[in-house]
Amino acid sequence: MNAALVTAPTSRFDTLDALRGAAMVWMTVFHFCFDLNHFGYLRQNFYQDPFWTWQRTAIVSLFLLCAGMGQAVAIAQQQSWPRFWRRWVQIAGCAVLVSAGSYWMYPNSFIYFGVLHGMAVMLITHAMGVVAETAQRVVVMYAGKVVEEASVEALFARPRHPYTQGLIRSIPRIDTAATHKVRLEAIPGTVPKLIEPAEGCRFAGRCAHVSAECRSATPPLVEVAPGHKVACILETAS
């Protein structure tokens, strides 16, 4: 007899739910006032008056904050892709209904929701596993400077900057942890002071391939392969 797979229910976060509720109530009040103005019951300039334009910006920002926090919670709870797509279909369905209703009521100035057209999310993290799982394009920064930029596939297949190589070598390997007891490789040295940064590459003090040229000039970010940019003398000289 096949055993049924029972999964523990994911926990809720009251603060995050409260933020979502506040954003929806705020948006509802804003749109209600907008409709009152449209039908002549109010006399407000929703397009230029800072009182309304700042509210619109704050509402959108609050929704984006909740979306980002929800994404972080989903990753931390290791929610499955089927669950993600079920939720996405529900949201997309609501957006379709709202857009269709708006078009039916106001065919000359209807509204539509961006969820129908996709969404861009920027993650700022040192967790390379999260990057490999969720990102499509990666920008690697060190000490405030971009040192490498590439698609996630190209970056993990062939990291070109020494800092990127060190980050990837520091990832624990689950597939070999049981058979090979290997100490994780760490990048030696410390991050340079950014109040008065020295000339040259900011990673020079920690790089195993450093040369005199690295300390004298800041390497530019150049394209070494289609869609793959690196700021390293080793790559630009080859």
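Position one of the sequence shown corresponds to residue 187 (the working numbering), numbered consecutively onward. We put the CB at the ideal spot given by N, CA and C, even for glycine. Note that the structure is a prediction, hence the values are computed from the model and not measured.
Taking the beta strand (DSSP E) that residue i belongs to, which residues open and close that run?
i, result
"Met210", "From DSSP, Met210 is part of no beta strand (DSSP E) but of the alpha helix (DSSP H) over 200 to 224."
"Ala411", "408 to 411"
Between the alpha carbons of residue i and residue j, how many angstroms are there, rounded?
i, j, result
"Pro348", "Leu309", "22 angstroms"
"Val301", "Thr243", "Residue placement at Val301 is poorly supported in this model, since its pLDDT is 46, which falls under 50; the coordinates still yield a value, given next. Their backbone Cα atoms lie some 18 angstroms apart in a straight line."
"Phe249", "Arg369", "42 angstroms"
"Gly304", "Arg346", "Only weak support is given to the placement of Gly304: the predicted model assigns it a pLDDT of 48, under 50, and the value that follows is read from those uncertain coordinates. Their backbone Cα atoms lie some 31 angstroms apart in a straight line."
"Gln322", "Gly413", "12 angstroms"
"Val325", "Arg344", "14 angstroms"
"Asn223", "Arg229", "6 angstroms"
"Leu341", "Val333", "12 angstroms"
"Arg355", "Val259", "27 angstroms"
"Val396", "Met327", "18 angstroms"
"Leu407", "Ala390", "16 angstroms"
"Ala208", "Val317", "31 angstroms"
"Cys252", "Glu409", "36 angstroms"
"Pro378", "Pro358", "26 angstroms"
"Phe218", "Ala372", "56 angstroms"
"Phe199", "Gln264", "16 angstroms"
"Leu283", "Tyr289", "10 angstroms"
"Cys400", "Ile419", "7 angstroms"
"Leu202", "Gly254", "11 angstroms"
"Ala384", "Ala403", "10 angstroms"
"Thr311", "Lys367", "27 angstroms"
"Trp212", "Glu339", "41 angstroms"
"Leu205", "Phe270", "21 angstroms"
Should residue i be labelled buried (16 or more other beta-carbon atoms within 10 Å of its own) or exposed?
i, result
"Tyr227", "exposed"
"Ala336", "buried"
"Cys280", "exposed"
"Ile277", "exposed"
"Gly330", "exposed"
"Ser405", "The amino acid at residue 405 is misidentified as Ser; the sequence shows Pro. By the 10 Å Cβ count, Pro405 comes out buried."
"Gly352", "buried"
"Thr350", "buried"
"Arg388", "buried"
"Val215", "exposed"
"Lys415", "buried"
"Gly386", "buried"
"Ala394", "exposed"
"Ala417", "buried"
"Met314", "buried"
State the start and end residues of the unbroken alpha helix (DSSP H) segment that holds residue i.
i, result
"Arg269", "267 to 291"
"Trp313", "The sequence given here places Ala at residue 313; Trp does not occur at that position. Ala313 -> no alpha helix (DSSP H), and no H or E assigned at all."
"Gln257", "236 to 262"
Please name the residue or residues paired with residue i in a DSSP beta bridge.
i, result
"Glu319", "Paired residue(s): none; Glu319 is not in a bridge."
"Glu334", "Val326, Val416"
Of all Cβ atoms in chain D, is any one closer than 8 angstroms to the Cβ of residue i?
i, result
"Lys367", "In the structure shown, chain D does not exist; there is a single protein chain."
| message | Restricting to runs no shorter than 4 residues, where is the alpha helix (DSSP H) found entirely within the segment 337 to 405? | response | 338 to 343, 348 to 355, 360 to 363, 398 to 402
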